[in-house]
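Student:
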Amino acid sequence: AHKETEHYKHWKANFATAENIAFRERREFKVLLGSPEEWKIDWAAALDTTIVHISLVKGTEEKFAEYTRYDAKGVKDYEKNALGFMFLEDREDPSRVVLVEAYTDAASALAHKDTAHYLLW
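Here it is in structure tokens:
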């Protein structure tokens, strides 16, 4: 249905050309943790957002998920300037994951790397 909308057709006709896009890959992910409903994310307030693409060694997906859930719980429980933490898994290849972390400012995002839950992760 999205590809039938006027804004998509306009984008496709006016921007999505070889001159403007060097590489485009479409992948579908499912949300394993951190749905917008859970966090009530105000993306407009997220002045510092980090998107991390990770390719896991096959067979380590469950252990990675366990540690990532622990880290995400720590973010939600202890980091007051965290606006959201999403954990996404590629629908076709579970060893490809994406983490999306949103903070109110860059200092808070940097401070995340010094927390106990991040250091265990």
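Residue numbers (my numbering): 105 to 225.
All C-beta atoms, glycine included, are put in the ideal place defined by N, C-alpha and C.
Keep in mind it's a predicted model, so treat the numbers as computed, not measured.
#1: Does the stretch 126-143 come within contact of the stretch 189-201, defined as at least 3 CB pairs closer than 8 Å?
#2: Would the stretch 105-112 and the stretch 164-172 be scored as touching if the rule is three or more Cβ pairs under 8 Å?
#3: What alpha helix (DSSP H) runs, 4 residues minimum, are completely inside the stretch 105-175?
#4: With distances taken from CA atoms, which of 198, 148, 175 is nearest residue 164?
#5: Classify residue 216: buried if its beta carbon has 16 or more other beta carbons within 10 angstroms, exposed otherwise.
#6: Under DSSP, the alpha helix (DSSP H) around residue 212 begins and ends at which residues?
Tutor: On the basis of the data shown:
#1: yes
#2: no
#3: Complete alpha helix (DSSP H) runs here, min 4: 110-118, 140-143.
#4: Here the question's residue 164 lines up with position 60 in the sequence shown. Taking the Cα of residue 164 as reference, the smallest distance to any Cα among 198, 148, 175 is reached at 198.
#5: Taking the sequence shown and counting its residues from 1, the one referred to as residue 216 is at position 112. Classification for residue 216: buried.
#6: Here residue 212 refers to the residue found at position 108 when the sequence shown is read from its first residue. Segment 210-216, the alpha helix (DSSP H) holding residue 212.
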